[in-house]
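Written below as C-alpha cells is the structure these notes are about.
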Amino acid sequence: MPQQQTALITGASVGIGHELARQFAQGGYNLILVARNEDKLRAVAEEMRTLGVQADYILADLAQPAAPLALFADLKNRSQTIDVLVNNAGFGALGDFHQLDPQRQLDMIQVNVTAVVELTHLFLQGMVARNIGGILNVASTAAFLPGPHMAIYYASKAFVLSFSEAIAEELRGTNIKVTALCPGPTESEFRTRAKMDDSPVFRSKWIPTMTAAQVAQAGYQAFKKGKRIIIPGMVNKLAVQSNRIAPRRAVTKVAGKINRSK
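FYI, the numbering for the sequence shown is 12 to 273, going by my numbering.
Structural data, given as C-alpha cells:
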C-alpha cells in the first residue's frame, strides 16, 4: 500500500472508529480523523503517529447539516486527497418512537443517514475520476430486521446497508471498493449513549458481545478483500440468516423483546 494514501474516518475518537483508525494506520494509510471531542481525538491522532503514519484531526459535529460540506471544503482547501472514506459516526437511542425526543431522532437520521450520503457523494467524485479508492460504511446486524424500541436506529442502518450494496454494484468494474460492516453487540460507548446498559442485547449469554478491536479488524480485512458485506462473529452470521428465513412478524417481535430494558 503506497504510503501517501489517506483514509478519512468519522467517529474516530472512541470504540470501533478508534480501532478502525489503528487498522488503517497499521496498513500504511495516513489518517484524517473526525469527531466532536477534541481531547479524545487529539489522543487518538498522537497514538496513530506512533505507528509511523501521518494523522491529522478535524472537529466536526455531523448532526449539524452544514458539517459534511464544511469538512469537504476544509480538506479541499488543504489540497488533501481522500482515498478511503470510512463512515463510522453514528448513534442510537433506546425507547418507544413516540416517547423519544423528536429532535434527537432527527439528529440520528442526520448522522446515521444524511451525513453518510453527503460525504459519500462528495468524496466519491474524486475516487471515480481517479478510478481508485474505497468506502467502508459501518452498518449493523440491526440493518437486517425492524427494531421495536429502537425504530429509527434500525431503519437508519437498513438504509446504510442497502445504500452500500447499491453503490457497490454501480461501481462494479472499477477499482473502487464499497464494504458494509455489520457488527452485532460491541463493547463501546454506543451502548451507554443509547442507554442500553440494561438491555438484554448486552446481557444475554446467547448473544456474545465482541470487542471494538475484533469488529474493526474484521471490517478492515473484508474491505481490503473487496467484500460488499461483512458480519463479524459466527453467532451474528447465523442470527442474520435466521432472520432472513423466519416470518417477518416473528422476527420483529423477538427484536422488540431483546431491545427492552429491565
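No residue lacks a Cβ here, since even glycine has one placed at the ideal position from N, Cα and C. Every value quoted in this text rests on a predicted model; they were computed, and no experiment measured them.
Sheet register partners of residue i (DSSP bridge)
i: methionine 221; result: Thr197
i: tyrosine 68; result: Leu44
i: glycine 144; result: Ile187
i: leucine 192; result: Val149 and Ile241
DSSP-derived helix/strand/coil call for residue i
i: lysine 238; result: coil
i: asparagine 309; result: Nothing in the structure corresponds to residue 309, since the chain is present only between 12 and 273.
i: valine 149; result: strand
i: methionine 138; result: helix
i: alanine 104; result: coil
i: isoleucine 269; result: helix
i: isoleucine 27; result: helix
i: histidine 132; result: helix
i: valine 127; result: helix
Chain B within 8 angstroms of residue i, Cβ atoms only
i: isoleucine 143; result: Looking for chain B here will not work: only one protein chain is present.
Candidates the options: closest to residue i by CA position
i: valine 226; options: Val149, Leu62 and Asn48; result: Val149
i: leucine 51; options: Ala23, Asn88 and Asp72; result: Checking the displayed sequence, the identity of residue 51 turns out to be lysine instead of leucine. Ranking Ala23, Asn88 and Asp72 by Cα distance to lysine 51 puts Ala23 first.
i: asparagine 41; options: Asp107, Ile20 and Ile256; result: Ile20
i: threonine 222; options: Gln15, Gly28, Gln16 and Ala18; result: Gly28
i: glycine 361; options: Gly267, Pro157 and Thr17; result: The question about residue 361 has no answer here: the residues shown for the chain are numbered 12 through 273.
i: arginine 89; options: Gly103, Tyr68 and Glu181; result: Tyr68
i: aspartate 85; options: Phe108, Phe134, Asn186 and Ile143; result: Phe134
i: arginine 255; options: Leu156, Arg239 and Tyr165; result: Leu156
i: aspartate 94; options: Leu172, Phe35, Ser175 and Lys238; result: Phe35
i: valine 251; options: Gln232, Ala154 and Met161; result: Ala154
i: phenylalanine 108; options: Gly145, Ala166, Gln75 and Glu30; result: Ala166
i: glycine 158; options: Leu96, Asn247, Val265 and Gly38; result: Val265
i: alanine 162; options: Ile120, Asn186, Gly144 and Ile187; result: Ile120
i: isoleucine 187; options: Ile143, Gln65, Thr152 and Phe170; result: Ile143
i: glutamine 65; options: Arg53, Gln114, Ala71 and Val122; result: Arg53
i: asparagine 270; options: Gly195, Glu176 and Val55; result: Gly195
i: glutamine 15; options: Glu198, Gly103 and Thr92; result: Thr92
i: arginine 183; options: Arg239, Ala261, Leu82 and Leu31; result: Arg239
Residue span of the beta strand (DSSP E) that contains residue i, given as start and end
i: threonine 21; result: 17–21
Start and end residues, alpha helix (DSSP H) containing residue i
i: alanine 54; result: 49–60
i: phenylalanine 170; result: 162–181
i: aspartate 85; result: 78–88
i: leucine 117; result: 113–120
i: glycine 63; result: Unbroken run through glycine 63: none, as it is neither H nor E.
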